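**Q** For the record, the sequence lines run as chains A and B.
Every letter in the first sequence is one number past the one before it in the numbering used here, and letter 27, counting from 1, is 27.
Add 227 to a position in the second sequence, counting from 1, and you land on the number used in the numbering used here.
From the three backbone atoms N, C-alpha and C, an ideal C-beta is built for every residue, glycine too.
These figures come from a predicted structure and were not determined experimentally.
A single structure is presented below for examination.
2 protein chains.
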Amino acid sequence: MAEIDTRIRILDAAEVLFMENGLDATTLRQITGAADVNLAAVNYHFGSKEELVREVFRRRLTWLNQQRLQELDRLEAAAGDKPLKPSQILEAFFGVALKMAADTGGGGRTFMRLLGRTYTKPSEFVRTFLAEEYAAVIARFRAALIKALPGVPGEEILWRFHFMMGAMSYALAGTDALHFAAEDALDDSDAEALYARLMSFMIGGLRAPLPTIPAKLAKRPRVKKAA
Amino acid sequence: MAEIDTRIRILDAAEVLFMENGLDATTLRQITGAADVNLAAVNYHFGSKEELVREVFRRRLTWLNQQRLQELDRLEAAAGDKPLKPSQILEAFFGVALKMAADTGGGGRTFMRLLGRTYTKPSEFVRTFLAEEYAAVIARFRAALIKALPGVPGEEILWRFHFMMGAMSYALAGTDALHFAAEDALDDSDAEALYARLMSFMIGGLRAPLPTIPAKLAKRPRVKKAA
DNA sequence: GTATGATTCAAACAATCGTTTGAAACATGC
DNA sequence: GCATGTTTCAAACGATTGTTTGAATCATAC
Chain A
1 MAEIDTRIRI
11 LDAAEVLFME
21 NGLDATTLRQ
31 ITGAADVNLA
41 AVNYHFGSKE
51 ELVREVFRRR
61 LTWLNQQRLQ
71 ELDRLEAAAG
81 DKPLKPSQIL
91 EAFFGVALKM
101 AADTGGGGRT
111 FMRLLGRTYT
121 KPSEFVRTFL
131 AEEYAAVIAR
141 FRAALIKALP
151 GVPGEEILWR
161 FHFMMGAMSY
171 ALAGTDALHF
181 AAEDALDDSD
191 AEALYARLMS
201 FMIGGLRAPL
211 PTIPAKLAKR
221 PRVKKAA
Chain B
228 MAEIDTRIRI
238 LDAAEVLFME
248 NGLDATTLRQ
258 ITGAADVNLA
268 AVNYHFGSKE
278 ELVREVFRRR
288 LTWLNQQRLQ
298 ELDRLEAAAG
308 DKPLKPSQIL
318 EAFFGVALKM
328 AADTGGGGRT
338 FMRLLGRTYT
348 KPSEFVRTFL
358 AEEYAAVIAR
368 FRAALIKALP
378 GVPGEEILWR
388 FHFMMGAMSY
398 ALAGTDALHF
408 AAEDALDDSD
418 AEALYARLMS
428 FMIGGLRAPL
438 PTIPAKLAKR
448 PRVKKAA
């Protein structure tokens with residue numbers, strides 16, 4: 001058996017174990033045991049556990065966000081100067097992620113579940129890492145949505161985008177913590193159905209009538225240091 | 228200073244630290260240090276770290292779910308046999324939670340953020356514990372929603388309820404992993420605005436046009452063992 | 001006062017963690 | 001063949017984990 005793939009074996013095993021047990025609760029001995037490599041291999045190839053975590057996320061996340069931007073580029077090029085439909089923008093952002101989540105074979109599904117679970121509980125270094133990876137993507141999609149929804153204030157769009165991220169993360173994580181919809185295995189065909197369900201829910205939420213924010217603090221004045 | 232409240236001091240400190248660092252990454256020494264009690268106090272009063280975790284969740288979660296059921300009882304009693312408005316049901320379920328999240332003083336906000344972060348990554352014993360705590364509540368609200376939305380299939384309602392849980396958890400967790408809406412502090416006034424925003428988003432999603440599920444597997448036949 | 005039970009405390013327990021080490025095994029070029 | 005650089009391996013490292021222990025302290029009742 002070729003030994004060059006030690007790195008990949010470690011990454012694959014770590015991805016699964018991180019998803020199942022969380023980052024902190026997963027030990028290097030579990031990972032190297034599952035990958036059938038020596039314990040010291042992690043520190044040899046990655047330097048530390050922390051950098052292993054970073055690499056587990058990076059190898060899929062950069063690709064995912066590239067795909068998202070490419071898809072948005074394609075849509076905007078096709079539309080010319082006309083604004084995109086909101087559903088198109090959402091499809092570019094969430095559709096790519098859900099398509100990746102449908103990939104049971106290549107491990108994409110495992111990663112998306114891991115990502116969904118990590119969004120809500122990032123340790124400090126994961127948080128900053130995710131922020132870096134996402135900054136450009138969020139900015140692009142935010143701008144596209146603002147352009148596509150001239151009637152909705154930008155702040156409201158951000159919030160609704162936030163809510164949508166939550167809905168998707170939760171659906172993808174599939175933790176089933178609440179014990180309903182009990183089949184926690186989401187096979188390929190389910191992924192298509194989930195995509196349709198989630199998309200119609202999101203579009204409904206995105207186009208919902210604007211809330212009436214309590215007037216006194218709608219703008220939330222912040223106390224600034226003296227200039 | 229009275230020493231009877233050692234238990235409470237531990238619970239309060241654990242709640243905050245669990246929220247900040249996660250369950251696994253928080254050590255008993257951190258907890259007892261912050262609570263200013265002896266290290267052995269945790270094992271003396273709770274038996275183990277695991278049971279401490281359970282108690283941290285239980286003391287607030289049972290109260291929260293009781294409030295939810297009371298509110299639903301009240302609404303149904305007032306409505307007689309007429310079906311409730313979907314927005315009323317959502318308000319009973321999510322409104323109570325968001326009201327608790329607005330309680331910065333009593334620690335309710337800390338707990339709701341902790342809960343939001345835990346939903347998506349429960350360890351095994353937390354998962355079963357949450358399932359027990361939630362079973363009755365989910366059943367009641369699901370029934371109420373089905374009655375309130377005769378046009379929407381029950382399965383679809385479950386999914387949309389799932390999405391709403393995700394949106395709320397994510398919003399409450401406020402982890403800001405994506406580095407937008409950068410103020411991660413959510414003060415009391417923000418909580419009201421968040422409530423309004425989230426509610427209109429949810430109702431929009433709940434009332435969205437039904438998705439067209441890929442026909443072949445809409446019902447998802449499952450292979451059963453021979454009878 | 002003494003006696004009894006609950007609670008706190010400092011200290012240690014065994015286990016496990018991520019990491020390091022130095023030699024062994026392997027590959028590659030000459 | 002030898003030399004060189006890379007990768008693997010078993011073993012150990014110090015640090016930290018949750019838990020336990022046994023004596024000290026406190027409260028309450030007699």
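Just the Cα atoms here: how many angstroms apart are Ala412(B) and Arg207(A)?
**A** Reading the second sequence from its first residue, position 185 is the one you call residue 412(B). Reading the first sequence from its first residue, position 207 is the one you call residue 207(A). Since pLDDT at Ala412(B) reaches only 41, below the 50 mark, its modelled position is unreliable, and no value is offered.
**Q** Output needed for Pro310(B): all residues of its chain with C-beta closer than 7 Å, excluding positions within five of it in sequence on either side, in chain order.
**A** Position 83 of the second sequence, counted from the start, is the residue given in the question as residue 310(B). Taken in chain order, the residues that qualify are Lys374 and Ala375.
**Q** Can you find a CB in chain A that lies within less than 8 Å of the CB of Leu405(B)?
**A** What you label residue 405(B) is simply residue 178 of the second sequence in a count that begins at 1. At Leu405(B), the pLDDT of 48 sits below 50, so the modelled position is not reliable; the number obtained from the coordinates is stated separately. For Leu405(B), the answer is yes, since a Cβ of chain A falls inside 8 Å of its Cβ.
**Q** What's the C-alpha gap between Leu279(B) and Ala25(A)?
**A** Counting from one through the second sequence, the residue named residue 279(B) turns up at place 52. Counting from one through the first sequence, the residue named residue 25(A) turns up at place 25. About 18 Å.
**Q** So which residues of chain A does Asp251(B) contact, with C-beta pairs closer than 7 Å?
**A** Taking the second sequence and counting its residues from 1, the one referred to as residue 251(B) is at position 24. Near Asp251(B) (Cβ distances below 7 Å), the residues of chain A are Gly22, Asp24 and Ala25.
**Q** Would you list, in chain order, the members of the stretch 422–441 of chain B that have their beta-carbon closer than 8 Å to a beta-carbon of chain A?
**A** Against chain A - using a Cβ distance shorter than 8 Å - the residues of the stretch 422–441 of chain B are Ala423, Arg424, Leu425, Met426, Ser427, Phe428, Met429, Ile430, Gly431, Gly432, Leu433, Arg434, Ala435, Pro436, Leu437, Pro438, Thr439, Ile440 and Pro441.
**Q** Give the straight-line distance between the Cα atoms of Arg286(B) and Ile237(B), rounded to the nearest whole angstrom.
**A** Within the second sequence, numbered from 1, the residue matching residue 286(B) stands at position 59. Within the second sequence, numbered from 1, the residue matching residue 237(B) stands at position 10. Computed Cα separation, rounded: 13 Å.
**Q** Distance check for Trp290(B) and Glu298(B), CA to CA, integer angstroms please.
**A** If you number the second sequence from 1, residue 298(B) lands on position 71. If you number the second sequence from 1, residue 290(B) lands on position 63. Roughly 12 Å between the two C-alpha positions.
**Q** Would you mind telling me which residues of chain A sit closer than 7 Å to Arg387(B), beta carbon to beta carbon, in chain order?
**A** Here the question's residue 387(B) lines up with position 160 in the second sequence. Those are Phe201, listed as they occur along chain A.
**Q** Note down the Cα distance separating Phe292(B) from Leu39(A), rounded to an integer number of angstroms.
**A** Position 65 of the second sequence, counting from 1, holds the residue named residue 292(B). Position 39 of the first sequence, counting from 1, holds the residue named residue 39(A). Going by the sequence as given, residue 292(B) is Asn instead of Phe. If I take the Cα positions, the gap works out to 46 Å.
**Q** Locate the alpha helix (DSSP H) running through Pro313(B), then write down its first and last residues.
**A** Position 86 of the second sequence, counting from 1, holds the residue named residue 313(B). From DSSP, the alpha helix (DSSP H) with Pro313(B) extends over Pro313 to Leu317.
**Q** Shortest alpha-carbon distance to Ala328(B) belongs to which of Val364(B), Tyr397(B) and Leu357(B)?
**A** Position 101 of the second sequence holds residue 328(B). Out of Val364(B), Tyr397(B) and Leu357(B), Tyr397(B) has the C-alpha closest to the C-alpha of Ala328(B).
**Q** Measuring straight from C-alpha to C-alpha, what distance separates Val264(B) and Ser123(A)?
**A** For this step, residue 264(B) is matched to residue 37 along the second sequence. For this step, residue 123(A) is matched to residue 123 along the first sequence. Approximately 27 Å between the Cα atoms of the pair.
**Q** Give, in chain order, every residue of the stretch 303–332 of chain B whose Cβ lies closer than 7 Å to some Cβ of chain A.
**A** The stretch 303–332 of chain B vs chain A, Cβ under 7 Å: nothing.
**Q** Check this for me: beta carbons of Leu250(B) and Val269(B), under 8 Å apart or not?
**A** For the purposes of this step, residue 250(B) is taken as residue 23 along the second sequence, with counting starting at 1. For the purposes of this step, residue 269(B) is taken as residue 42 along the second sequence, with counting starting at 1. Contact flag unset, no.
**Q** Check the Cβ-Cβ distances between Ala420(B) and every residue of chain A, and say whether any is below 8 Å.
**A** Here residue 420(B) is taken as the residue at index 193 of the second sequence, counted from 1. Yes, contact with chain A.
**Q** Could you check if Arg340(B) is buried or exposed, using at least 16 other CB atoms within 10 Å of its CB as the buried criterion?
**A** As a position in the second sequence, residue 340(B) is number 113, starting the count at 1. Arg340(B) is buried by the Cβ-count criterion.
**Q** Taking the alpha carbon of Phe390(B) as the reference point, which residue from Ala363(B), Met429(B) and Phe356(B) has its own alpha carbon closest?
**A** Working through the second sequence from its first residue, we reach residue 390(B) at position 163. Closest by alpha carbon: Met429(B).
**Q** Taking C-beta pairs closer than 9 Å, name the residues in chain A that Glu278(B) reaches, listed in chain order.
**A** In the second sequence, the residue the question calls residue 278(B) occupies position 51. The contacting residues do not exist; Glu278(B) stays about 18 Å from chain A at best.
**Q** Between which two residues does the alpha helix (DSSP H) containing Gly393(B) stretch?
**A** For this step, residue 393(B) is matched to residue 166 along the second sequence. Note, Gly393(B): alpha helix (DSSP H), Gly381 to Ala400.
**Q** With C-beta atoms as the reference, is Leu357(B) less than 8 Å away from Tyr422(B)?
**A** As a working mapping, residue 357(B) is identified with position 130 in the second sequence. As a working mapping, residue 422(B) is identified with position 195 in the second sequence. In this structure, Tyr422(B) does not lie closer than 8 Å to Leu357(B) by Cβ.
**Q** Under a three-way DSSP split, which group does Lys374(B) fall into?
**A** Locating residue 374(B) in the second sequence gives position 147, counting from the first residue. Correct three-state label for Lys374(B): helix.
**Q** For Leu145(A), which residues of its own chain have a beta-carbon under 6 Å away from its beta-carbon, when the five flanking residues on both sides are left out?
**A** Reading the first sequence from its first residue, position 145 is the one you call residue 145(A). Closer than 6 Å at Cβ, skipping near neighbours: Ile89 and Ile157.
**Q** Secondary structure at Ala409(B), three-state DSSP: helix, strand or coil?
**A** The sequence position of residue 409(B) within the second sequence is 182, counting from 1. Because the pLDDT of Ala409(B) is 40, which lies under 50, any placement of that residue in the model is unreliable, and the number read from its coordinates should be weighed accordingly. Ala409(B) falls in the coil class under three-state DSSP.
**Q** Expressed to the nearest angstrom, what Euclidean distance is found between the alpha-carbon atoms of Lys276(B) and Leu342(B)?
**A** By one-based count along the second sequence, residue 276(B) stands at place 49. By one-based count along the second sequence, residue 342(B) stands at place 115. For Lys276(B) and Leu342(B), the distance between alpha carbons rounds to 18 Å.
**Q** Output the distance between the C-alpha atoms of Ala13(A) and Ala35(A), rounded to the nearest integer angstrom.
**A** Here residue 13(A) refers to the residue found at position 13 of the first sequence. Here residue 35(A) refers to the residue found at position 35 of the first sequence. If you take the alpha carbons of Ala13(A) and Ala35(A), they lie about 6 Å apart.
**Q** Beta carbon of Phe161(A), beta carbon of Arg140(A): below 8 Å?
**A** Position 161 of the first sequence holds residue 161(A). Position 140 of the first sequence holds residue 140(A). It is not a contact, given that the beta carbons lie outside the stated cut-off.
**Q** Where does Ser275(B) sit, in a helix, a strand or coil, going by DSSP?
**A** Taking the second sequence and counting its residues from 1, the one referred to as residue 275(B) is at position 48. Ser275(B) falls in the coil class under three-state DSSP.
**Q** Is the Cβ-Cβ distance between Phe94(A) and Leu198(A) less than 8 Å?
**A** The count along the first sequence starts at 1 and reaches residue 94(A) at position 94. The count along the first sequence starts at 1 and reaches residue 198(A) at position 198. Yes, Cβ-Cβ distance for Phe94(A) and Leu198(A) is below 8 Å.
**Q** Taking the alpha-carbon of Val137(A) as reference, which of Ala167(A), Ala92(A) and Pro150(A) has the nearest alpha-carbon?
**A** Walking along the first sequence from the start, residue 137(A) turns up at place 137. Ranking the options by Cα distance to Val137(A), first place goes to Ala92(A).
**Q** Using beta carbons (cut-off 8 Å, strictly below), is Glu15(A) in contact with chain B?
**A** Within the first sequence, residue 15(A) is the residue found at index 15, counting from 1. So, not an interface residue.
**Q** To the nearest angstrom, how far is the alpha carbon of Glu133(A) from that of Leu61(A)?
**A** Indexing the first sequence from 1 puts residue 133(A) at position 133. Indexing the first sequence from 1 puts residue 61(A) at position 61. If you take the alpha carbons of Glu133(A) and Leu61(A), they lie about 8 Å apart.
**Q** Take Glu55(A) and list the residues in its own chain whose beta-carbon comes closer than 7 Å to its own, dropping the five residues that flank it on each side.
**A** Within the first sequence, the letter at position 55 stands for residue 55(A). Counting only Cβ-Cβ distances below 7 Å, and skipping sequence neighbours, we find Leu11 and Phe46.
**Q** Tell me where the alpha helix (DSSP H) around Val16(A) begins and ends.
**A** One-based indexing of the first sequence puts residue 16(A) at position 16. Segment Thr6 to Asn21, the alpha helix (DSSP H) holding Val16(A).
**Q** With Leu244(B) and Ile235(B) assumed to form a contact (beta carbons below 8 Å), what rounded beta-carbon distance in angstroms separates them?
**A** Numbered from its first residue, the second sequence carries residue 244(B) at position 17. Numbered from its first residue, the second sequence carries residue 235(B) at position 8. The pair is not a contact, with the Cβ atoms about 15 Å apart (cut-off 8 Å).
**Q** Between Gln66(A) and chain B, is the shortest Cβ-Cβ distance under 8 Å, so that the two count as touching?
**A** Counting from 1 along the first sequence, the entry for residue 66(A) is found at position 66. For Gln66(A), the answer is no, since every Cβ of chain B falls outside 8 Å of its Cβ.
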